[in-house]
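*Asks:*
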Amino acid sequence: MVYKWPNGSKTYRRVVTSKNGVFEDVFKPEMLGAWFVEAKWYGNNEYRGCSTQKTFWVKQRVEVTLMVSPVKAVLDSAIAIYGRIDPPLENVKIVIEYSLDGVNWIEIGEVYTGANGTFGYTYVVTMLGKISFRAVVPETEILLESISNVVEVTVREMARVEVNVEVEPSEVRPGEEVLIKVFLNTSVTGSARVSAYYGLEEISITELELDEKDYFEVSWTPEKEGVYVIVVEVVPEVGIPAAGFKILTVRRPVYTLSFVVESEDGFAVGGVLVGVYKGGNLIALAVTKADGRASFYLLEDSYRVVFTYMGEVLYETTVDLVEDKEVKAVLPLVRVELYIKDALGSPIAGTSLVVEDQYGNRYSAVTDAEGRVFLLVPKGNIKVMWGGVEKETIAKEAGVIELTVPVIIGLEYAVGLFIAGVIVGFIIAKIIYTKKEKA
Numbered sequence: 069m070v071y072k073w074p075n076g077s078k079t080y081r082r083v084v085t086s087k088n089g090v091f092e093d094v095f096k097p098e099m100l101g102a103w104f105v106e107a108k109w110y111g112n113n114e115y116r117g118c119s120t121q122k123t124f125w126v127k128q129r130v131e132v133t134l135m136v137s138p139v140k141a142v143l144d145s146a147i148a149i150y151g152r153i154d155p156p157l158e159n160v161k162i163v164i165e166y167s168l169d170g171v172n173w174i175e176i177g178e179v180y181t182g183a184n185g186t187f188g189y190t191y192v193v194t195m196l197g198k199i200s201f202r203a204v205v206p207e208t209e210i211l212l213e214s215i216s217n218v219v220e221v222t223v224r225e226m227a228r229v230e231v232n233v234e235v236e237p238s239e240v241r242p243g244e245e246v247l248i249k250v251f252l253n254t255s256v257t258g259s260a261r262v263s264a265y266y267g268l269e270e271i272s273i274t275e276l277e278l279d280e281k282d283y284f285e286v287s288w289t290p291e292k293e294g295v296y297v298i299v300v301e302v303v304p305e306v307g308i309p310a311a312g313f314k315i316l317t318v319r320r321p322v323y324t325l326s327f328v329v330e331s332e333d334g335f336a337v338g339g340v341l342v343g344v345y346k347g348g349n350l351i352a353l354a355v356t357k358a359d360g361r362a363s364f365y366l367l368e369d370s371y372r373v374v375f376t377y378m379g380e381v382l383y384e385t386t387v388d389l390v391e392d393k394e395v396k397a398v399l400p401l402v403r404v405e406l407y408i409k410d411a412l413g414s415p416i417a418g419t420s421l422v423v424e425d426q427y428g429n430r431y432s433a434v435t436d437a438e439g440r441v442f443l444l445v446p447k448g449n450i451k452v453m454w455g456g457v458e459k460e461t462i463a464k465e466a467g468v469i470e471l472t473v474p475v476i477i478g479l480e481y482a483v484g485l486f487i488a489g490v491i492v493g494f495i496i497a498k499i500i501y502t503k504k505e506k507a
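Residue numbering for the sequence shown follows the numbering used here, starting at 69 and increasing by one per position.
1) Looking at the secondary structure, which residues open and close the beta strand (DSSP E) in which T317 lies?
2) Suppose contacts are defined by Cβ-Cβ distances below 7 Å. Is L367 in contact with R320 by that definition?
3) Just to confirm before moving on: does the CB-CB distance between V300 and V256 stay below 7 Å?
4) Would you mind working out which of D144, I408, F124, S145 sits nearest R440, comparing C-alpha positions?
5) What separation, rounded to the nearest whole angstrom, lies between the Cα atoms of G509 and L325?
6) Looking at V344: is its Cβ nearer than 7 Å to the Cβ of V373?
7) Suppose contacts are defined by Cβ-Cβ distances below 7 Å. Is N217 in contact with L353 by that definition?
8) Who are F124's beta bridge partners in DSSP?
9) Could you work out which residue in T194, Y371, D436 is closest to I416 when comparing CA atoms only?
10) Of all the beta strand (DSSP E) runs that stay within the bounds of the stretch 391–445, which reach a length of 3 or more residues?
11) List in chain order: all unbroken beta strand (DSSP E) runs of 3+ residues lying wholly within the stretch 305–380.
12) Classify F201 as buried or exposed, calling it buried when 16 or more other Cβ atoms lie within 10 Å of its own Cβ.
13) Should K122 and V139 be called a contact, given that it needs their Cβ atoms to be closer than 7 Å?
14) Helix, strand or coil, according to DSSP, for G89 in the structure here?
15) What number of angstroms, rounded off, separates the C-alpha of G312 from the C-alpha of K127?
16) I'd like the list of long-range same chain contacts for G101, defined as Cβ closer than 6 Å, with 5 residues on each side in sequence excluded.
17) Can the beta-carbon of E305 be found less than 7 Å from the beta-carbon of A183?
18) In three-state DSSP terms, what is N184?
19) Per DSSP, F95 is paired with what?
20) On the three-state DSSP scale, how would you describe I210?
21) Rounded to whole angstroms, what is the Cα-Cα separation between L443 and M69?
22) Are the CB atoms of F327 and A362 within a distance shorter than 7 Å?
23) Do the CB positions of L316 and V235 come within less than 7 Å of each other?
24) Within its chain, find whatever has a CB closer than 7 Å to the CB of G379; leave out the 5 residues flanking it on each side and keep chain order.
25) From A463 to V387, what does the alpha carbon distance come to, in whole angstroms?
26) Please classify P155 as buried or exposed, where buried requires at least 16 other C-beta atoms within 10 Å of its C-beta.
27) Would you mind sorting R82 into buried or exposed? The rule is 16 or more other CB atoms within 10 Å of its CB.
28) Considering only C-alpha positions, which residue in the set W125, K96, G89, R129 is nearest to Y508?
29) Please report the straight-line C-alpha distance between L341 and G243, rounded to a whole angstrom.
30) Cα-Cα, which of W454, V404, S259 is closest to F335?
31) Report the three-state DSSP secondary structure of L479 (helix, strand or coil).
32) Which residues bound the beta strand (DSSP E) around E285?
33) Within 10 angstroms of the Cβ of F124, are there 16 or more other Cβ atoms? Answer buried if so, exposed if not.
34) Could you tell me the distance, in whole angstroms, from the CA atom of V163 to the CA atom of V398?
35) Just checking G151 against the ligand ADP - is the residue's beta carbon closer than 6 Å to any of the ligand's heavy atoms?
If you want it as structure tokens, here you go:
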């Protein structure tokens, strides 16, 4: 049984058929997404092998909670539709729909969740009566379709105060101050209440009295990441209460974290598995290229980084990421040069050899025209093996390790030497005879 994970990795399992040829395997998938499973039977002396394949999906259902404010609105005014999903996944698509009869639903827009699974949408009501709203999470490769509770807004036509809200800046980091500016279409005497909705949580920012005011502003500092709906409710002494809304996004900045991985003798190391951990959880993974480089895009935070080479953890470090950063990581590796020669001292080119390091990992390579091979191995004991010849040594620093193998002269080689000797002897005799003739 071959299980191919959504990330491309594979799990192999063996099962045995019962007397009637039936088999089964109980496997618990641990990753969301599309899975590919293949059952292979390699056959026997009587039957040839066969296989079958199947694709299945592992998906998760989320719970969507929706709210709306205000529940009574004036025609052509804005309302805030907001909520959250549980579990609190980020960057999940939310489709906002409305209905006039509770049966037929029409899409009015879409948003994506921020940190903590929160979302918000501003909508201008242009129809009188009761309007129902719901939020839908469409089905994806990892999520099942989920539909929220239904909320209602009653829309009336009446003279009103218009409230226009601006938030500067509209996107900040946690702990940074924003300025909430409120513009009214007319001077108002009454009261105002400024709030922030964070998912289902209402945060009271301030309440103040208005005395013929058509503008006021409030400073506020959000502490948590996510999407906030800033709501300003104005209650005039005479007239209908009105409200204005604005979306504020709070998130940490994203920086580039790059690593240059080298051996102790300064050579770039490719094929190193670089894992980035936060709170004990692996959040990012990359493999260094031939130039020893690997890069990540990460939120501002502190991370633990682990470097694994040939299945062995060789180095760990902690990085505080507050800006774009490049870090050099020096692994306890050395670059060794292996020189393979025969008993006559001649290099042996194009031959395969194996090097085993102290962890039992094996490295295969082929010698070049000069009988040489260059390998990066962990510092410590290594064993070089070629054609039954072995040599144990210690890789402490860059250097040359020679391996001499027995020379075997074949019949053709011996005949060639004999013929060459005869020819040389004949030439020498000819020269001596010519000199005697002249004398």
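For each residue, glycine too, the CB sits at the ideal point set by N, CA and C.
*Replies:* On the basis of the supplied data:
1) Your numbering for residue 317 matches position 249 in the sequence shown. Taken as a continuous stretch (DSSP letters only), the beta strand (DSSP E) holding T317 covers 310–318.
2) The residue you call residue 367 lines up with position 299 of the sequence shown. The residue you call residue 320 lines up with position 252 of the sequence shown. Cβ distance < 7 Å, so L367 and R320 count as in contact.
3) For this step, residue 300 is matched to residue 232 along the sequence shown. For this step, residue 256 is matched to residue 188 along the sequence shown. It is not a contact, given that the beta carbons lie outside the stated cut-off.
4) Sequence index remark: in the sequence shown, residue 440 carries index 372 (1-based). Taking R440 as reference, the option from D144, I408, F124, S145 with the minimal CA-CA separation is I408.
5) No answer is possible for residue 509: it lies beyond the span of the chain, which begins at 69 and ends at 507.
6) Within the sequence shown, residue 344 is the residue found at index 276, counting from 1. Within the sequence shown, residue 373 is the residue found at index 305, counting from 1. Their beta carbons are under 7 Å apart, which means V344 touches V373 by this criterion.
7) Locating residue 217 in the sequence shown gives position 149, counting from the first residue. Locating residue 353 in the sequence shown gives position 285, counting from the first residue. No. Outside cutoff.
8) As a working mapping, residue 124 is identified with position 56 in the sequence shown. Answer is W103, bridged to F124.
9) Within the sequence shown, the letter at position 348 stands for residue 416. Check the Cα spacing between I416 and each of T194, Y371, D436: the tightest is with D436.
10) For the stretch 391–445, whole beta strand (DSSP E) runs of length 3 or above, ordered along the chain, are 393–399, 401–410, 420–424, 430–434.
11) DSSP runs (the beta strand (DSSP E)) wholly in the stretch 305–380: 310–318, 322–331, 341–346, 349–355, 361–367, 369–377.
12) Taking the sequence shown and counting its residues from 1, one reaches residue 201 at position 133. Buried.
13) Walking along the sequence shown from the start, residue 122 turns up at place 54. Walking along the sequence shown from the start, residue 139 turns up at place 71. No, Cβ-Cβ distance for K122 and V139 is not below 7 Å.
14) As a position in the sequence shown, residue 89 is number 21, starting the count at 1. It is coil, neither helix nor strand.
15) Numbered from its first residue, the sequence shown carries residue 312 at position 244. Numbered from its first residue, the sequence shown carries residue 127 at position 59. One Cα belongs to G312, the other to K127, and the distance between them is close to 38 Å.
16) If you number the sequence shown from 1, residue 101 lands on position 33. Once the five neighbours on either side are set aside, the close Cβ partners of G101 are P74, E209, I210.
17) Stepping through the sequence shown from its first residue, residue 305 is reached at position 237. Stepping through the sequence shown from its first residue, residue 183 is reached at position 115. In terms of Cβ geometry, E305 and A183 do not form a close pair [threshold 7 Å].
18) By 1-based counting over the sequence shown, the position of residue 184 is 116. Three-state result, N184: helix.
19) Working through the sequence shown from its first residue, we reach residue 95 at position 27. Beta-bridge pairing links F95 to no other residue.
20) In the sequence shown, counting from the first residue as 1, residue 210 sits at position 142. Correct three-state label for I210: coil.
21) Stepping through the sequence shown from its first residue, residue 443 is reached at position 375. Stepping through the sequence shown from its first residue, residue 69 is reached at position 1. In a straight line, the C-alpha of L443 is about 36 Å away from that of M69.
22) One-based indexing of the sequence shown puts residue 362 at position 294. One-based indexing of the sequence shown puts residue 327 at position 259. With contacts defined as CB atoms closer than 7 Å, A362 and F327 qualify as a contacting pair.
23) As a first step, residue 316 is located in the sequence shown; it is residue number 248 there, counting from the start. As a first step, residue 235 is located in the sequence shown; it is residue number 167 there, counting from the start. L316 places its beta carbon less than 7 Å from that of V235.
24) Here residue 379 is taken as the residue at index 311 of the sequence shown, counted from 1. Correct list, in chain order: N429.
25) Your numbering for residue 463 matches position 395 in the sequence shown. Your numbering for residue 387 matches position 319 in the sequence shown. Straight-line Cα distance between these residues: approximately 30 Å.
26) By one-based count along the sequence shown, residue 155 stands at place 87. With fewer than 16 Cβ atoms within 10 Å of its Cβ, P155 is classed as exposed.
27) By 1-based counting over the sequence shown, the position of residue 82 is 14. Answer is exposed; the Cβ neighbour count stays below 16.
28) Nothing about residue 508 can be reported from this structure: the residues present for the chain run from 69 to 507 only.
29) Stepping through the sequence shown from its first residue, residue 341 is reached at position 273. Stepping through the sequence shown from its first residue, residue 243 is reached at position 175. Cα to Cα, L341 sits roughly 35 Å from G243.
30) Taking the sequence shown and counting its residues from 1, the one referred to as residue 335 is at position 267. When W454, V404, S259 are compared, the shortest CA-CA separation from F335 is found for V404.
31) Within the sequence shown, the letter at position 411 stands for residue 479. Annotation note: pLDDT 43 at L479 (below 50); position unreliable, coordinate value reported separately. In this structure, L479 counts as helix in the three-state DSSP scheme.
32) Stepping through the sequence shown from its first residue, residue 285 is reached at position 217. Secondary structure note for E285: its beta strand (DSSP E) is the uninterrupted segment 269–288.
33) Counting from one through the sequence shown, the residue named residue 124 turns up at place 56. Exposed, because fewer than 16 other Cβ atoms sit within 10 Å of the Cβ of F124.
34) Locating residue 163 in the sequence shown gives position 95, counting from the first residue. Locating residue 398 in the sequence shown gives position 330, counting from the first residue. So the alpha carbons of these two residues sit roughly 49 Å apart.
35) With respect to the ligand ADP, the structure offers nothing, as it holds no ligand at all.
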